[in-house]
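The opening position of the sequence shown corresponds to residue 1 in the UniProt record's numbering, with each subsequent residue numbered one higher.
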Amino acid sequence: MKELVKKLYNKGLTDTIQLTTAVDLGWIGYYAFNNTVLITVDQFQQPLFEPSFSKPFLYGGLGYIVGHEVTHAFDIVIRAWDENGLPLIDWPPRSDEEYLKRAKCLADQYSSQTLYGAHLCGNKTVLEDICDNNAVRLAYKAFKAHALASDPILPGLNLTDDQMFFLGFGQKNCQKMVESSAIFRLDFGMDIHSPNPYRVNMTLSNYPEFAKAFNCPLGSPMNPVKKCAVWE
């Protein structure tokens, strides 16, 4: 672990307090000041990673993690910085307007949802929601670009490669939620992420490839007519 920290430090992550804390706690993050994605080694252990796992499953899980953090370079705040962490010239007005329009679509969509009777706050979570929605698209495209042959069907799971990909994505955000804790966090806006059920279901309901993989009828909860996406 010490050698890992040294390597990361030598690659330009010079905030040693932040870096060692990240490694100790298990951290996944995008560092805008030097355009770096940090994924600590705990993410490469079970139940998230095992070399024998189905490749589509791994793309859906680890591929999503990487895609989420990379997308932070293009979220509402950090998109205004360049690769060196310096301010960029403003985006062309038309591009900026379209970006904000699409971001608002996501914010409104998430805000319309409730969990245990409490409304989600899409305006607070929109940065992370943008990254979730784009990450699954990036990971899926990477999976399709590198898929050589179908993986063996796992015992007890009669799932296609595409379905295994989305299963891997869902497993990454698997969480047992306590109602009182969830309501408290929503009421006081304590989390910049949407609750995990919506990080999975809302994200996938916006992605046509999921509906194709599981034959979700148009107009069903997981394949709504109106979908939102900042990046296609």
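Think of the CB as a built atom: it goes at the ideal place given N, C-alpha and C, for glycine as much as any other residue.
Treat the numbers as computed from the prediction; the structure is a model and nothing was measured.
If you look at Tyr207, you'll find it isn't in any alpha helix (DSSP H); DSSP assigns it neither H nor E. DSSP places Gly122 in the uninterrupted alpha helix (DSSP H) bounded by Gly122 to His146. Around the beta carbon of Pro195, 16 or more other beta carbons lie within 10 angstroms, which makes this residue buried. For Phe143, the closest alpha carbon among the candidates Lys226, Val66 and Val230 is that of Val66. Its Cα nearest to that of Ala229, the residue Met202 stands out among Thr114, Met202, Ala213 and Leu218. Cβ neighbours of Thr125 within its own chain (closer than 7 Å, five residues either side excluded): Tyr110, Ile192, His193 and Ser194. Of the other Cβ atoms in all chains shown, fewer than 16 fall within 10 Å of the Cβ of Arg94; this residue is therefore exposed. If you look at Gly67, you'll find it in the alpha helix (DSSP H) that goes Tyr64 to Thr71. In the displayed model, Ala213 falls within a helix according to three-state DSSP.
With contacts defined by Cβ atoms closer than 7 Å, Leu115 and Ala182 form a contacting pair. When DSSP states are grouped into helix, strand and coil, Val200 belongs to the helix group. Counted as a single uninterrupted DSSP element, the alpha helix (DSSP H) harbouring Leu167 occupies residues Asp161 to Lys172. Looking only at Phe214, Gly170 and Asn215, the smallest Cα-Cα distance to Tyr198 is reached by Gly170. In the three-state DSSP reduction, Gly29 falls in the strand class (E or B). By the neighbour-count criterion, in which a residue is buried when 16 or more other Cβ atoms sit within 10 angstroms of its Cβ, Ser54 is buried.
Taking a 10 Å sphere around the C-beta of Glu97, we find fewer than 16 other C-beta atoms and assign the residue as exposed. Looking at Leu38, Cys131 and Pro56, the one whose alpha-carbon comes closest to that of Glu232 is Cys131. Going by DSSP, Leu48 is part of no beta strand (DSSP E) at all; its letter is neither H nor E. With contacts defined as CB atoms closer than 7 Å, Val200 and Asn223 fail to qualify as a contacting pair. The C-beta distance from Tyr207 to Arg137 rounds to 7 Å, short enough to fall under 8 Å.
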